[in-house]
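Here the structure comes first, spelled out in structure tokens, and everything after it is commentary.
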Amino acid sequence: MDIIEKTIKLCRLEMNQDEIEKIKKDVENILDVFSTLSDLQEDEMAFHSVPIENIYRNDEVKKFENVDELLSQTKTLDNYIKGPKVL
Amino acid sequence: MKIQEFMKLDKNVRGEYYPKLVEELKKMNKEYEVFSTINEQTIDQDYSYHYSVKDNICTKGIESKAGSKILEGYKPPFNATVIDKLNEGFMLGKTNMDEFGFGTFSVNSAYGIPKNPFDKNRSCGGSSGGAAAAVSLIKNHVAIGESTGGSISCPASFTGVIGFTPTYGRVSRYGLIDYGNSLDKIGVLARYMDDVEYILKKISGKDAKDPTSMNQNNEEIKEETSKKIAIPKQIIENVDDKIMKEFWNSIAHMEYEIVDIPNLKYAVSSYYVLATAEASTNLARYCGIRYGVGGEDFTKPYNKFFSDVRTNSFGEEAKRRIVLGTYVRMAGYRDQYYYKALQARNTIIKDLKKIFKDFDMIASPTMPIISPRFDEISKLKPIDVYMLDFITIPPNLAGFPHVSLPMAYTPMPVGIQFVADHWKEGKLINIGKEWEMNHEYKFGDLVGGIK
Chain A
83 MDIIEKTIKL
93 CRLEMNQDEI
103 EKIKKDVENI
113 LDVFSTLSDL
123 QEDEMAFHSV
133 PIENIYRNDE
143 VKKFENVDEL
153 LSQTKTLDNY
163 IKGPKVL
Chain B
8 MKIQEFMKLD
18 KNVRGEYYPK
28 LVEELKKMNK
38 EYEVFSTINE
48 QTIDQDYSYH
58 YSVKDNICTK
68 GIESKAGSKI
78 LEGYKPPFNA
88 TVIDKLNEGF
98 MLGKTNMDEF
108 GFGTFSVNSA
118 YGIPKNPFDK
128 NRSCGGSSGG
138 AAAAVSLIKN
148 HVAIGESTGG
158 SISCPASFTG
168 VIGFTPTYGR
178 VSRYGLIDYG
188 NSLDKIGVLA
198 RYMDDVEYIL
208 KKISGKDAKD
218 PTSMNQNNEE
228 IKEETSKKIA
238 IPKQIIENVD
248 DKIMKEFWNS
258 IAHMEYEIVD
268 IPNLKYAVSS
278 YYVLATAEAS
288 TNLARYCGIR
298 YGVGGEDFTK
308 PYNKFFSDVR
318 TNSFGEEAKR
328 RIVLGTYVRM
338 AGYRDQYYYK
348 ALQARNTIIK
358 DLKKIFKDFD
368 MIASPTMPII
378 SPRFDEISKL
388 KPIDVYMLDF
398 ITIPPNLAGF
408 PHVSLPMAYT
418 PMPVGIQFVA
428 DHWKEGKLIN
438 IGKEWEMNHE
448 YKFGDLVGGI
458 K
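One line per chain: the protein sequences are A and B, in this order.
Take 83 as the starting number for the first sequence in the numbering used here and just add one per residue.
Take 8 as the starting number for the second sequence in the numbering used here and just add one per residue.
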């Protein structure tokens with residue numbers, strides 16, 4: 083499996099052969115343009131655009147008022163949220 | 008009329024106006040597809056003004072789908088902070104947009120493609136296309152939009168309205184459906200700078216629920232005049248001639264200098280690497296369990312359960328950006344793409360900060376082209392679309408506040424972009440007010456209006 087097909091699988095997406103060929107071409111075109119980044123000589127990395135510091139708060143427990151509304155968005159069984167079998 | 012005039016009307020006049028407005032809107036929407044949801048809830052209190060919200064901002068009990076099929080049916084159990092802050096306004100509806108913000112023309116929408124008020128065969132721009140169209144088509148209206156790489160400026164330019172993007176961190180992102188956390192900014196689209204100022208001051212401020220909003224200074228946004236404007240050589244070399252002619256005419260009375268910023272050539276690549284990398288992690292949460300479209304068959308193998316929902320519900324552009332964004336941060340590739348993109352961002356911020364030492368603002372046309380026709384858009388390759396953002400990307404990547412103002416009509420609208428230093432929204436408000444006195448803006452004006 084080539085790297086693009088591996089990436090598609092990692093993303094939890096499924097594609098047929100035509101779709102894979104198309105996305106490979108698109109990604110290659112785009113990465114070709116991005117490869118000019120390698121000309122840049124610069125050491126520091128900016129993870130944010132403005133200086134961001136970690137903000138702390140007191141560890142106080144606050145009850146979320148709307149648990150029922152949150153759970154109404156999911157499929158539940160006996161107060162558990164349903165998901166696919168792991169094993 | 009401006010919001011502050013609308014607020015002075017008798018509350019009974021407003022009370023009668025809103026239901027009529029909603030009815031007119033429903034008819035208009037069949038043709039222009041501006042809204043994915045129109046608010047038909049009974050109006051039980053006096054609202055001072057009306058506004059709309061881009062559909063990637065959570066509104067309690069009202070569908071918030073971010074233009075994506077995967078969030079169909081998602082009704083958030085909470086309001087975004089900006090919605091709580093606008094509680095004196097009547098929320099008219101949720102506006103159409105490119106899926107999760109992925110696009111420049113609002114054509115990647117699962118819920119209808121907004122049509123340009125000046126020519127229905129042309130795009131409104133994106134990704135806040137619906138928001139911009141709403142401001143142009145509905146009288147006395149303001150819209151809340153969002154920008155990651157230019158999604159407020161582009162549609163503002165294409166539809167002839169004001170599009171204001173504040174400094175990154177100025178407005179709380181709590182309740183905004185994430186595209187790229189280090190790039191997303193909520194902003195305002197409107198007809199008048201007074202309206203932008205009013206709404207911006209309402210929605211700005213620190214919010215403990217969004218830690219990235221906590222680093223802004225405590226100063227009130229205050230108007231400041233500007234003297235000197237910088238015009239980047241790299242930008243104006245690649246804009247349509249007709250638009251450049253209008254630009255030079257418009258700024259003839261200003262003190263300006265053309266500046267050389269060679270590192271701007273890395274901006275588009277840096278932005279798309281970082282934005283897609285962040286988006287690919289943000290979209291990992293859409294897996295059929297917690298929001299929107301749910302997986303039905305829990306006996307499926309574990310990974311197939313997730314991939315089926317995602318494959319069937321994400322659009323083509325979303326899939327492309329997820330794959331691209333995952334690739335550029337993978338081991339073996341992240342040095343040459345992700346880390347380089349972070350370095351490029353740092354360089355561009357440093358270079359632009361240097362410009363702001365000597366100049367009050369940077370100016371250029373907002374977009375290199377007028378709004379294209381839909382048949383022209385369908386012929387563009389993805390990379391061609393990305394490259395069109397080369398003017399709006401630098402301020403977005405670097406978190407600088409910027410505004411697009413209506414500049415000319417060719418006959419399609421074209422906008423002018425002004426960029427100011429971090430936290431200097433006051434300079435943009437000032438130039439916007441001055442600009443408005445010397446330019447006559449044109450709007451679609453199809454809906455609403457009080458005599």
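By construction, the Cβ of each residue, glycine as well, lies at the ideal position given by its N, Cα and C atoms.
Proximal residues to residue i (C-beta, below 7 Å), its chain only, five neighbours per side dropped
{"i": "G68(B)", "result": "K82"}
{"i": "Y334(B)", "result": "Y340"}
{"i": "P239(B)", "result": "V266, I268, L271, I369, S371"}
{"i": "K326(B)", "result": "none"}
{"i": "G433(B)", "result": "I228, K229, E230, E231"}
{"i": "I400(B)", "result": "G156, G157, A274, V275, Y278"}
{"i": "D214(B)", "result": "T88, S179, Y181, S220"}
{"i": "L183(B)", "result": "N63, I64, A87, E153, D191, I193"}
{"i": "V426(B)", "result": "M368, I369, P402, F407, H409"}
{"i": "K182(A)", "result": "In the structure as shown, chain A begins at 83 and stops at 169. Residue 182(A) is therefore absent and cannot be evaluated."}
Cβ pair residue i, residue j closer than 8 Å
{"i": "S75(B)", "j": "E95(B)", "result": "no"}
{"i": "K272(B)", "j": "Q241(B)", "result": "yes"}
{"i": "V132(A)", "j": "H409(B)", "result": "no"}
{"i": "E153(B)", "j": "I193(B)", "result": "yes"}
{"i": "S257(B)", "j": "I423(B)", "result": "yes"}
{"i": "N289(B)", "j": "Y186(B)", "result": "yes"}
{"i": "G455(B)", "j": "K34(B)", "result": "no"}
{"i": "I112(A)", "j": "L387(B)", "result": "no"}
{"i": "D126(B)", "j": "S233(B)", "result": "no"}
{"i": "G295(B)", "j": "F312(B)", "result": "yes"}
{"i": "K122(B)", "j": "S179(B)", "result": "no"}
{"i": "G157(B)", "j": "Y416(B)", "result": "no"}
{"i": "A405(B)", "j": "I329(B)", "result": "no"}
{"i": "Y293(B)", "j": "I77(B)", "result": "yes"}
{"i": "Q99(A)", "j": "R297(B)", "result": "no"}
{"i": "Y344(B)", "j": "L152(A)", "result": "no"}
{"i": "T44(B)", "j": "E12(B)", "result": "no"}
{"i": "G80(B)", "j": "S113(B)", "result": "no"}
Minimum C-alpha distance to residue i - residue among the options
{"i": "P124(B)", "options": "A291(B), M221(B), K249(B), N36(B)", "result": "N36(B)"}
{"i": "S135(B)", "options": "N86(B), L196(B), D396(B)", "result": "L196(B)"}
{"i": "N136(A)", "options": "C131(B), M221(B), S411(B), V266(B)", "result": "M221(B)"}
{"i": "D452(B)", "options": "F112(B), V142(B), C131(B)", "result": "V142(B)"}
{"i": "P418(B)", "options": "E38(B), Y298(B), F450(B)", "result": "F450(B)"}
{"i": "D114(A)", "options": "I250(B), P389(B), K431(B), L435(B)", "result": "P389(B)"}
{"i": "A237(B)", "options": "A215(B), K213(B), Y263(B)", "result": "Y263(B)"}
{"i": "K104(A)", "options": "G299(B), P413(B), K307(B), E324(B)", "result": "E324(B)"}
{"i": "S189(B)", "options": "Y56(B), I50(B), T283(B)", "result": "T283(B)"}
{"i": "M394(B)", "options": "S120(A), F116(A), T158(A), V149(A)", "result": "F116(A)"}
{"i": "H260(B)", "options": "G212(B), M251(B), K235(B), L281(B)", "result": "K235(B)"}
{"i": "T174(B)", "options": "N224(B), H148(B), A139(B), A140(B)", "result": "N224(B)"}
{"i": "Q123(A)", "options": "V149(B), D342(B), M414(B)", "result": "D342(B)"}
{"i": "E447(B)", "options": "D358(B), P413(B), I438(B)", "result": "P413(B)"}
Residues of its chain near residue i, where Cβ-Cβ distance is below 6 Å and the 5 sequence neighbours each way are ignored
{"i": "K9(B)", "result": "Y199, D201, D202"}
{"i": "F254(B)", "result": "P372"}
{"i": "S411(B)", "result": "S160, A163, S164, G170, T373, G422, Q424"}
{"i": "T219(B)", "result": "G176"}
{"i": "K440(B)", "result": "M200"}
{"i": "Y346(B)", "result": "none"}
{"i": "S287(B)", "result": "I329, G332, T333"}
{"i": "L144(B)", "result": "P124, G451, L453, V454"}
Spatial neighbours of residue i in its chain, beta-carbon cut-off 8 Å, leaving aside the 5 residues before and after
{"i": "T66(B)", "result": "V60, P83, N86, A87, I90, M98, K101"}
{"i": "D53(B)", "result": "K18, R21, G22"}
{"i": "L93(B)", "result": "Y58, I151, I206, K209, I210"}
{"i": "I50(B)", "result": "G22, Y25, P26, F97"}
message = At a CB distance below 7 Å, what residues from the region 91-120 of chain A approach chain B? Give them in sequence order.
response = The region 91-120 of chain A vs chain B, Cβ under 7 Å: L92, C93, R94, L95, E96, I105, D108, V109, N111, I112, V115, F116, T118, L119, S120.
task = Count the CB pairs spanning the region 273-281 of chain B and the region 351-368 of chain B that are closer than 8 Å, and state whether there are at least three.
result = Segment contact: the region 273-281 of chain B against the region 351-368 of chain B, three or more CB-CB distances shorter than 8 Å; contact assigned.
message = For the structure I just gave you, are there three or more beta carbon pairs, one from the region 370-377 of chain B and one from the region 224-244 of chain B, closer than 8 Å?
response = Using a C-beta cut-off of 8 Å, the region 370-377 of chain B makes contact with the region 224-244 of chain B, since at least three inter-stretch Cβ pairs fall below that distance.
request  = Identify each residue in the region 218-248 of chain B for which the Cβ-Cβ distance to at least one residue of chain A is less than 7 Å, and report them in chain order.
outcome  = P218, T219, M221, N222: these are the residues of the region 218-248 of chain B whose beta carbon lies less than 7 Å from some beta carbon of chain A, given in chain order.
task = With 9 Å as the limit, tell me which residues of the region 145-178 of chain B have their beta carbon closer than that to any beta carbon of chain A; keep them in chain order.
result = Closer than 9 Å at the C-beta level to chain A, one finds these residues of the region 145-178 of chain B: T174, Y175, G176.
key: Against chain A: residues of the region 358-375 of chain B by CB proximity under 7 Å   = Listed in sequence order: no entries.
request  = Select from the region 393-420 of chain B all residues with a C-beta closer than 9 Å to any C-beta belonging to chain A, and list them in chain order.
outcome  = Within the region 393-420 of chain B, the qualifying residues are Y393, M394, N403, L404, A405, G406, F407.
message = Does the contact criterion of 3 or more C-beta pairs under 8 Å hold for the region 311-327 of chain B versus the region 108-128 of chain B?
response = Contact between the region 311-327 of chain B and the region 108-128 of chain B is established, with three or more Cβ pairs separated by less than 8 Å.
query = Any chance the region 126-134 of chain B sits against the region 150-168 of chain B, with 3 or more Cβ pairs inside 8 Å?
reply = Output reads yes: the region 150-168 of chain B touches the region 126-134 of chain B.
ask   = Touch check for the region 21-41 of chain B and the region 156-167 of chain A: three-plus C-beta pairs under 8 Å?
value = With the cut-off at 8 Å, the region 21-41 of chain B and the region 156-167 of chain A do not touch.
task = Identify each residue in the region 308-332 of chain B for which the Cβ-Cβ distance to at least one residue of chain A is less than 7 Å, and report them in chain order.
result = Correct list: Y309, N310, F312, F313, S314, R317, T318, K326, R327, I329, V330, L331.
Contact residues within the region 129-148 of chain A, judged by C-beta distance below 8 Å to chain B = From the region 129-148 of chain A, only F129, H130, S131, V132, P133, I134, E135, N136, I137, R139, N148 have a Cβ closer than 8 Å to chain B.
request  = Pull out every residue of the region 337-356 of chain B whose Cβ sits closer than 8 Å to any Cβ of chain A, in chain order.
outcome  = Answer in chain order: M337, Q343, Y344, Y346, K347, A348, L349, Q350, A351, R352, N353, T354, I356.
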